[in-house]
Amino acid sequence: MSRLPDPRPVPVIPDDFRFAAPLRALADPAAGGDRSRVRETLVGALRKRMVAGDDATVRSVLDQAAPGSAALAVRAALDDAIQRAGDDEAVPLLARIFLMPVLFVAGGKAPATVPGVIPDMEAVTGLMRRAGALGPVENFGLANALGSIEAAEAVMPSRLFALAREIGAADGAALLPPADLDIATADEHVQLRYLAGASVTAADMPTFVETAGQVGRWGMAVSQAIAERLAEPGLSLLPLPRAPQPWFRALAEGRFAREELAFNLFAAAAIRRI
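Under the numbering used here, think of the first position of the sequence shown as 5, with each following residue one higher.
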């Protein structure tokens, strides 16, 4: 069977920075075993750009990566460049900055406004810590601000890179301003928010992504705790937390989860009407 040409456009990368070859290799399923080498090359190149504060080039690579597995691979490489110390970096500790997507299924009352700040956030963080949400990592913090995806996407990669290398990185959990949930319809619908957090660990330790516990161990308890703190008479509000992820992977995971859940709600409502 003949193989059809890939209709996706080839990324146009600035001539002064050689990203084109790694992006093409990641987009080509035939690359096979070369992917790990290509990925490490990309990690190193992205790290150099963030050290130089060249967010424009990093953003260009993100925007121009071919949709699908290549785009996910570029996001993963960017997260690794932020989360892992390079061979030339003498960094004993790293602040692993992450996002936790939270989907809210709302309905039953409109109009309504749910504040974008979760009261008594330490109790919610305690639930996650006791359940091993980040694996053996216990010294992590989670902001109480529910940030929008637009605000999360606006955070510069070089800022995340710099924060990851600041011992303490107290600002890591305060990167997102709170965004209220504006309920405009009584019909069930889904909204996406993010909680930003940070954990400080030794640079040579595995990241929390490699050690995190399953959401099933803590998701229900955290969902109930958030729902109780944001409850409003007459409003049905179901928070559905997803696994904490490095920044740029969490953006993609949260967006996909929102569209998937929104489609399920639409399909369920259509079936009920039929």
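Ideal Cβ positions, reconstructed from N, Cα and C, are used throughout, including at glycine.
Check: Rounded straight-line distance, which links the Cα of residue 124 to that of residue 233; Outcome: 8 Å
Check: Reference residue 94, options 207, 143, 219, closest by Cα; Outcome: 207
Check: Simplified DSSP state of residue 55, which is helix, strand or coil; Outcome: helix
Check: Endpoints, the beta strand (DSSP E) within which residue 105 is located; Outcome: 97-111
Check: Segment contact, 8 Å Cβ cut-off, at least three pairs: the segment 155-165 with the segment 247-256; Outcome: yes
Check: Whether residue 99 touches residue 202 by CB criterion (7 Å); Outcome: yes
Check: Bounding residues of the beta strand (DSSP E) (the contiguous stretch that carries residue 204); Outcome: 193-206
Check: Continuous alpha helix (DSSP H) stretch holding residue 161: start and end; Outcome: 161-168
Check: Close Cβ partners of residue 225 (< 6 Å) along its chain, the five nearest in sequence each way excluded; Outcome: 131
Check: Host beta strand (DSSP E) of residue 227 (start-end); Outcome: Unbroken run through residue 227 is the alpha helix (DSSP H), 223-234; no beta strand (DSSP E).
Check: Residue 141 (DSSP reduced to helix, strand or coil); Outcome: coil
Check: Candidates 144, 53, 247, of which the one nearest residue 220 by Cα; Outcome: 247
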